[in-house]
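Numbering (my numbering), first residue to last: 7 to 307. Notes to accompany the following structure.
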Ligand SMILES: O=C(O)CCC(=O)C(=O)O
Ligand SMILES: [Fe+2]
């Protein structure tokens, strides 16, 4: 690089850093990332920053030499997420599912509603939808720092194929990776209370950052009666202006009226079933009727 290129690239890096991470960062994020074009522009600028910056995000990543998912083509996979907002075909081996399930049964979770005041608890403390027979629970979550103790999840975070998909989709090496796991529990609570205790059961899209992609793995078998994840195909790219300028949550009716019910994908799969998704698509959780559901997410930013 010539002295001039170095000077410009360092100025460019500083400027983008200031814009992305300044004190109005979250407001900027929520504004820019709502729009497909905003996310693409961010991707482009981040890719340029990555190219020019000496502190390349790749250097901060742990990447295993060999992927657990040999059969999958990252390119085909990324094209699929771009087209539909979702891609299938990356599934976990049984031994990993067992390890993750066992870990989740003995690791601290936190609840919503009145259960939040109880602090951490084990999922085995929840019986018939109530924690310690007192607090209704519809959703129990496990946070990133808790999940760092699970070797199988760490192996997924370091998996080169998953990182390659994330990198190609985002346009730059992820600068942050978060693990997240949640139990959605069988519950006989009225609908309104369900929605208060487990907000993701309302159709919504997420704006976790300027750009993001995630992989989901079912850790329990999921059919229509055990809380399938539901989403609207292509909705990451296509949203009516009215929805872009209103809150991220929408009623089922508003979604069906605009997209049509035929765009809805109800995702069922056995334990180990995985899918990448662009979280800017409309999606929702559902309340299980027969058996609790455990879901692992790895979120790339
Ligand atoms: O649990 C689900 O199926 C959806 C969760 C969700 O919407 C989210 O984590 O953003
Ligand atoms: Fe969500």
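All residues carry an ideal CB built from backbone N, CA and C; glycine is no exception.
- Taking 7 Å as the cut-off, the C-beta of residue 246 does not count as close to any heavy atom of ligand 2.
- Sorting 278, 146 and 208 by C-alpha distance to the C-alpha of residue 186 places 146 at the top.
- Between the alpha carbons of residue 132 and residue 57 lies a gap of roughly 49 Å.
- For residue 198, the enclosing alpha helix (DSSP H) starts and ends at 197–203.
- In terms of Cβ geometry, residue 306 and residue 219 form a close pair [threshold 8 Å].
- Counting other Cβ atoms within 10 Å of its Cβ, residue 154 stays below 16 and is therefore classed as exposed.
- Contact check for residue 213 and residue 39: beta-carbon distance about 5 Å, within the 8 Å limit, so the pair qualifies.
- In the displayed model, residue 242 falls within coil according to three-state DSSP, outside both helix and strand.
- DSSP, read as helix, strand or coil, puts residue 138 in coil.
- Taking a contact as a CB-CB distance under 8 Å, the pair residue 288 and residue 222 does not count as one, their CB atoms being some 15 Å apart.
- Non-local beta-carbon contacts of residue 227 in its own chain, meaning distances under 7 Å to residues more than five positions away in sequence, involve 276 and 277 in chain order.
- Cβ-Cβ distances below 7 Å link residue 291 to 190, 204, 206, 207, 233 and 235 in the same chain, with the five nearest sequence neighbours on each side left out; the list follows chain order.
- Excluding five sequence positions before and after residue 229, the CB atoms of its chain that fall closer than 6 Å to its own CB belong to 274, given in chain order.
- Counting every other CB atom within 10 Å of its CB across the protein chains shown gives residue 280 a total of 16 or more, marking it as buried.
- For residue 50, the enclosing alpha helix (DSSP H) covers residues 42–58.
- Counting only unbroken stretches of 4 or more residues, the alpha helix (DSSP H) elements lying wholly within the segment 104–164 are 150–153 and 157–163, in sequence order.
- The beta carbon of residue 192 sits closer than 8 Å to the beta carbons of 135, 293, 294, 295, 296, 297 and 298 from its chain, once the five residues preceding and following it are set aside; these are given in chain order.
- Under the 10 Å beta carbon count, residue 89 is surrounded by fewer than 16 other beta carbons and is classified as exposed.
- Distances from the CB of residue 210 to the heavy atoms of ligand 2 include at least one below 7 Å.
- Around the beta carbon of residue 251, fewer than 16 other beta carbons lie within 10 angstroms, which makes this residue exposed.
- Spatial neighbours of residue 100 in its own chain (CB-CB distance under 7 Å, excluding positions within 5 residues in sequence) are listed in chain order as 278.
- Residue 66 and residue 260 have their C-alpha atoms roughly 42 Å apart.
- Pairing residue 116 with residue 126 gives a Cβ-Cβ distance under 8 Å.
- Here residue 70 is not bridged, per DSSP, to any residue.
- Secondary structure note for residue 33: its alpha helix (DSSP H) is the uninterrupted segment 31–38.
- Rounded to the nearest whole angstrom, the C-alpha separation of residue 41 and residue 70 is 34 Å.
- Secondary structure of residue 182 (DSSP, three-state): coil.
- The straight-line gap separating the alpha-carbon atoms of residue 283 and residue 241 is approximately 11 Å.
- Between residue 159 and residue 225 the beta-carbon gap is near 10 Å, outside 8 Å, which marks them as no contact.
- Inclusion of residue 217 and residue 45 in the CB contact set at 8 Å is warranted, their separation being smaller than that value.
- Within 7 Å of the C-beta of residue 301 there is at least one heavy atom belonging to ligand 1.
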